[in-house]
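Note that the protein sequences, when read in sequence, are chains P and L. If you read the first sequence in my numbering, its first letter stands for residue 632, the second for the next number, and so on. If you read the second sequence in my numbering, its first letter stands for residue 632, the second for the next number, and so on. Single-structure report; data block below.
Number of protein chains: 2
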Amino acid sequence: MPNLDPESLLPLPTAVFHVLIALAGKDRHGYSIMQDTSARTGGKVELSPGTLYSAIRRMLEQGLIQELSENPEPDNTDERRRYYRLTRFGRRAAEAEAARLRSMLSQARATGLVTGRP
Amino acid sequence: MPNLDPESLLPLPTAVFHVLIALAGKDRHGYSIMQDTSARTGGKVELSPGTLYSAIRRMLEQGLIQELSENPEPDNTDERRRYYRLTRFGRRAAEAEAARLRSMLSQARATGLVTGRP
DNA sequence: GACAACTATATCGACACTAGATATAGTTGG
DNA sequence: CCAACTATATCTAGTGTCGATATAGTTGTC
Chain P
632 MPNLDPESLL
642 PLPTAVFHVL
652 IALAGKDRHG
662 YSIMQDTSAR
672 TGGKVELSPG
682 TLYSAIRRML
692 EQGLIQELSE
702 NPEPDNTDER
712 RRYYRLTRFG
722 RRAAEAEAAR
732 LRSMLSQARA
742 TGLVTGRP
Chain L
632 MPNLDPESLL
642 PLPTAVFHVL
652 IALAGKDRHG
662 YSIMQDTSAR
672 TGGKVELSPG
682 TLYSAIRRML
692 EQGLIQELSE
702 NPEPDNTDER
712 RRYYRLTRFG
722 RRAAEAEAAR
732 LRSMLSQARA
742 TGLVTGRP
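In structure tokens, the structure reads:
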């Protein structure tokens, strides 16, 4: 029952975009999303539990991600883990957000506010 | 008395980045910032008064912008207008935010979350 | 095998950001 | 004259983020 228009969710909260990036390559559980985000950003972005789990709850409600009913890593037996997967709608929302970010950068360059490549 | 480290202000709120873009080319008063933002984004971003004026207040406190003591457009006599100018610190903060946005886009591309150019 | 550190999820309160409504008042155009 | 527009400002409600706290299972090490 996801929202049909990704545009209506823009701008995506920073934490939400980081979760989408973390889930793009593979299905992950919450703690793995935290670790991946920290590693990917060289420690610059550390999602706190409050930020992460409230973002996950909202993203499930909005249909950006779904919770898996089965453990995709059967060799790991930690029953506490809850795995999440990106939905097609989540991917569309990420594309829309990326377009918005590109547009912001393009405008910042056009006015001479910032230098550098596209 | 501005904060010395622009990094500590990141991520900049969306409204703040739009105000910085609007002030990059020329000094403007609040209402002009609203109009410029609306025109630049093709009507996609409409800063509401609540958003704009609370952003301006914060940006003054943080030293991202300063209020001009003189009217830079002497041919216009509207005494209600209050003009603002980008500070060097504001420009540095914009550069830092732009770098952050580029990094987010780069990561989104690297994972295959989104397609398209840098 | 005791203990610390780490893994993992979850909730709470405080604070920050945004939108929309409301207020006030000067300016412009028909 | 009146409406629409210009211009700034405040308030409330809803959302997003952080840090603290809680709970509990797992791993490593001495």
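All C-beta atoms in this analysis are idealised placements derived from N, C-alpha and C, irrespective of residue type, glycine included. The structure displayed is predicted, hence computed values, not measured ones.
Chain-ordered neighbours of residue i on chain L, where CB pairs are closer than 7 Å
i, result
"M735 (chain P)", "F648, L732"
"I652 (chain P)", "Q738, A739, T742, L744"
Simplified DSSP state of residue i, which is helix, strand or coil
i, result
"E710 (chain P)", "coil"
"E698 (chain P)", "strand"
"L651 (chain L)", "helix"
"L678 (chain L)", "coil"
"R716 (chain P)", "strand"
"R671 (chain L)", "helix"
"R748 (chain P)", "coil"
Supposed close pair residue i, residue j - CB separation, criterion 8 Å
i, j, result
"L695 (chain L)", "G721 (chain L)", "4 Å"
"D658 (chain P)", "P703 (chain P)", "5 Å"
"Q693 (chain P)", "L643 (chain P)", "10 Å between Cβ atoms; not a contact."
"M665 (chain L)", "L678 (chain L)", "5 Å"
"E728 (chain L)", "F648 (chain L)", "6 Å"
"A655 (chain L)", "L744 (chain P)", "4 Å"
"R713 (chain L)", "H660 (chain L)", "6 Å"
"T672 (chain P)", "Q697 (chain P)", "The pair is not a contact, with the Cβ atoms about 25 Å apart (cut-off 8 Å)."
"L683 (chain P)", "A646 (chain P)", "7 Å"
"L732 (chain L)", "L732 (chain P)", "5 Å"
"V676 (chain L)", "S669 (chain L)", "7 Å"
Amino acids of chain P, ordered along the chain, whose beta-carbon sits closer than 9 Å to that of residue i
i, result
"A725 (chain L)", "A739, L744, V745"
Residue-chain proximity (residue i, chain P), Cβ-Cβ < 8 Å
i, result
"R711 (chain L)", "no"
"R689 (chain L)", "no"
"R722 (chain L)", "yes"
Any chain L beta carbon closer than 8 Å to residue i
i, result
"T645 (chain P)", "yes"
"G661 (chain P)", "no"
"A686 (chain P)", "no"
"P642 (chain P)", "yes"
"R671 (chain P)", "yes"
Proximal residues of chain P, C-beta to C-beta of residue i below 7 Å
i, result
"G674 (chain L)", "Those within 7 Å of G674 (chain L) in chain P number zero; the least Cβ separation is about 13 Å."
Under 9 Å by beta carbon: chain L residues contacting residue i
i, result
"S681 (chain P)", "A quick correction: the sequence has Gly, not Ser, at residue 681 (chain P). Within 9 Å Cβ-Cβ: nothing; G681 (chain P) doesn't reach chain L, min ~17 Å."
8 Å Cβ cut-off: residues of chain P touching residue i
i, result
"G656 (chain L)", "T742, G743"
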